[in-house]
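The structure appears right after this line, and notes come after that.
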Amino acid sequence: MGQTDVSPANTIRDRVLVALQKAEADDAEGIRARTLRLVSCAMRDRDVTARGQGQCAGCEDTEVRKLLEIMVAQREVSAREFDDSGRITDAEREREEMEILQSFLPQPLEGPALEKAVDAVVNDLEATKLKDMGRCMAELQSRYPGRIDTGAAGKAVRRALV
């Protein structure tokens with residue numbers, strides 16, 4: 001699975017809510033609809049908390065991304081525990097939910113796309129020495145939130161600077 005719509009105008013929240021409507025129309029009791037309802041409820045809960053802190057618009061897209069990452073991690077742990085206890089059906093259900101959740105997360109930069117992003121950052125910052133690596137990594141993470149694997153990016157930055 002991949003992202004359902006990658007246009008920059010659509011936030012993760014928008015994509016989840018549209019997918020929830022479609023899933024409920026297709027099969028209201030299916031695993032996709034149930035999983036997306038959980039996400040929707042968790043987003044509303046985060047909105048209430050954000051409004052309580054004075055953020056009238058609710059939680060931002062970065063918060064929704066973090067929420068999805070937490071939900072994926074919870075399902076990874078649950079699937080392992082179900083496997084260990086011999087509850088294979090429950091482990092498979094957790095993995096299905098994990099795939100659904102991951103389809104809404106931004107895809108990590110890899111290969112040529114990562115190299116291109118690193119080259120752009122190195123050129124923009126006019127970085128030339130290894131001591132500039134920290135600045136480059138910070139800039140990469142700010143330009144591509146949630147999409148940078150720090151290990152692979154660190155190696156790419158190191159190659160670009162040497």
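Just so you know, the sequence shown maps onto residues 1 to 162 in the UniProt record's numbering. Where a beta carbon is used, it is the ideal one built from N, C-alpha and C, also for glycine.
- For Leu67, the enclosing alpha helix (DSSP H) has its first and last residue at 61-84.
- Excluding sequence positions up to five before and after Asp61, its CB lies within less than 7 angstroms of the CB of Thr11, Ile12, Arg13, all in the same chain and listed in chain order.
- Where Ala127 is concerned, there is no enclosing alpha helix (DSSP H), because DSSP gives it neither an H nor an E.
- In this structure, DSSP gives Glu92 a helical state, which the three-state scheme calls helix.
- Straight-line measurement puts the Cα of Arg87 at about 33 angstroms from the Cα of Arg147.
- In summary, Leu67 is buried, with 16 or more beta-carbon neighbours lying within 10 Å of its beta-carbon over all protein chains present.
- Collapsing the DSSP output to three states places Val162 in coil.
- Excluding the 5 residues flanking it on each side, Leu125 has same chain C-beta neighbours closer than 8 angstroms at Asp132, Arg135, Cys136, Glu139, in chain order.
- By the Cβ criterion, the stretch 64-82 is in contact with the stretch 38-49, since at least three pairs of Cβ atoms, one from each stretch, lie closer than 8 angstroms.
- Within the model, the alpha-carbon separation for Phe104 versus Ala160 is close to 31 angstroms.
- Around the beta carbon of Val162, fewer than 16 other beta carbons sit within 10 angstroms, so the residue counts as exposed.
- Following the DSSP letters along the chain, one finds Ser40 inside the alpha helix (DSSP H) bounded by residues 31-52.
- In its chain, beyond the 5 residues on either side, Ala156 have a beta carbon closer than 7 angstroms to the beta carbon of Glu115.
- Annotated three-state conformation of Asp149 is coil, per DSSP.
- Contact annotation: the stretch 106-115 does not touch the stretch 87-98, with fewer than three C-beta pairs closer than 8 angstroms.
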